[in-house]
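To start, the structure itself, in structure tokens.
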Amino acid sequence: MVERFHRTLKAALKARHTGNNWVGGLSWVLLGLRTAPREDLGYSSPELFYAEALTVPGGFTPSQTLPWSATEFLTAFRAKTQLLKPRPTIHHSKPHTYLPLSLLTAKYVNIRTDTVTTPLQRPYTGPYTVLEPGEKTFLVDIGGRAERISIDRLKQAQVALQTSPAATTSAAWTSSSVARAALCHR
5 MVERFHRTLK AALKARHTGN NWVGGLSWVL LGLRTAPRED LGYSSPELFY
55 AEALTVPGGF TPSQTLPWSA TEFLTAFRAK TQLLKPRPTI HHSKPHTYLP
105 LSLLTAKYVN IRTDTVTTPL QRPYTGPYTV LEPGEKTFLV DIGGRAERIS
155 IDRLKQAQVA LQTSPAATTS AAWTSSSVAR AALCHR
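Using this note's numbering, the letters of the sequence shown correspond one by one to residues 5 to 190.
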């Protein structure tokens with residue numbers, strides 16, 4: 005915000021003064037910036053506060069006095085304030101986390117490795133058993149001890165449950181044949 009104002013002030017000083025004596029015109033430049041309408045609102049700060057344009061030195065004043073009525077002023081002021089809309093607040097510190105619904109009901113999870121990895125190292129370790137799911141953290145069984153892990157590091161694990169010894173031998177045979185095939189094609 006300060007940098008933006010400095011940029012605006014520098015541009016205004018350059019437009020007003022061409023020489024080195026910018027200090028003499030600084031008060032006029034600051035007054036001009038104060039009374040200038042803001043780009044995002046279309047009104048200046050004094051217009052928002054007083055509900056009318058600020059009279060600056062050197063400005064034209066009306067030659068005749070206008071009759072002033074407090075009720076008319078209040079009605080006009082209320083009408084102008086009804087037209088103003090607040091700007092939405094921007095929250096830079098709260099990033100939105102994507103949470104798949106399947107993660108909330110997952111029995112097993114993989115945990116992302118948040119260290120520098122070698123090119124062929126797996127990005128996730130696991131699967132680990134979920135002991136207790138939470139809103140922001142899960143309690144996970146890692147090697148016999150329970151640890152709280154942030155959901156930002158978790159991913160649902162796809163675990164094939166083995167029910168018979170035949171499934172174990174066929175899975176081992178399949179993985180060893182894939183490994184042999186990979187070695188042959190080098």
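Glycine residues also receive a C-beta, built at the ideal position from the N, C-alpha and C atoms.
Computed from a predicted model, the values in this text were never measured in an experiment.
Sequence-distant residues of its chain with Cβ nearer than 6 Å to residue i (five each side left out)
i	result
Leu-107	Gln-160
Pro-41	Tyr-47, Ser-48
Ser-168	Because Ser-168 carries a pLDDT of 48, less than 50, the predicted location of this residue cannot be relied on, and no value is offered for it.
Leu-52	none
Val-163	Tyr-112, Pro-131
Three-state secondary structure (DSSP) of residue i
i	result
Ser-154	strand
Pro-104	coil
Lys-84	helix
Gly-130	strand
Arg-38	helix
Glu-139	coil
Val-33	helix
Ala-175	Only weak support is given to the placement of Ala-175: the predicted model assigns it a pLDDT of 42, under 50, and the value that follows is read from those uncertain coordinates. The answer is helix: DSSP assigns Ala-175 an H, G or I state.
Ala-16	helix
Pro-50	helix
Arg-91	coil
Ala-211	Here the chain comprises residues numbered 5 to 190, so residue 211 is not present and cannot be evaluated.
Thr-109	coil
Leu-165	coil
Thr-119	coil
Leu-45	coil
His-10	helix
Residue j beta carbon less than 7 Å from that of residue i
i	j	result
Ala-16	Leu-37	yes
Ile-146	Tyr-132	yes
Val-113	Leu-165	no
Ala-55	Lys-14	no
Heavy atom of the ligand PLP within 6 Å of residue i beta-carbon
i	result
Ala-55	Because no ligand of any kind appears in the structure shown, any question about the ligand PLP cannot be addressed here.
Cβ neighbours of residue i in the same chain (closer than 7 Å, five flanking residues each side left out)
i	result
Thr-39	Ser-48, Pro-50, Leu-58, Val-60
Ile-153	Ile-115, Thr-141, Phe-142, Val-144
Leu-135	Leu-143, Val-144, Asp-145, Ala-150
Leu-30	none
Pro-137	Leu-108
Ala-81	Checking the sequence, you will find Phe at residue 81 rather than Ala. Once the five neighbours on either side are set aside, the close Cβ partners of Phe-81 are Ala-55.
Sequence-distant residues of the same chain with beta carbon closer than 8 Å to residue i, five excluded per side
i	result
Thr-117	Gln-125, Arg-126, Pro-127, Tyr-128, Thr-129
His-189	Confidence at His-189 is low in this model, with a pLDDT of 44, below 50, so the placement of that residue should be treated as unreliable; the coordinate-derived value is given next. Contacts found: none.
Asp-44	Arg-91
In DSSP terms, what residue i is bridged to
i	result
Lys-159	Asn-114
Val-144	Val-134, Glu-151
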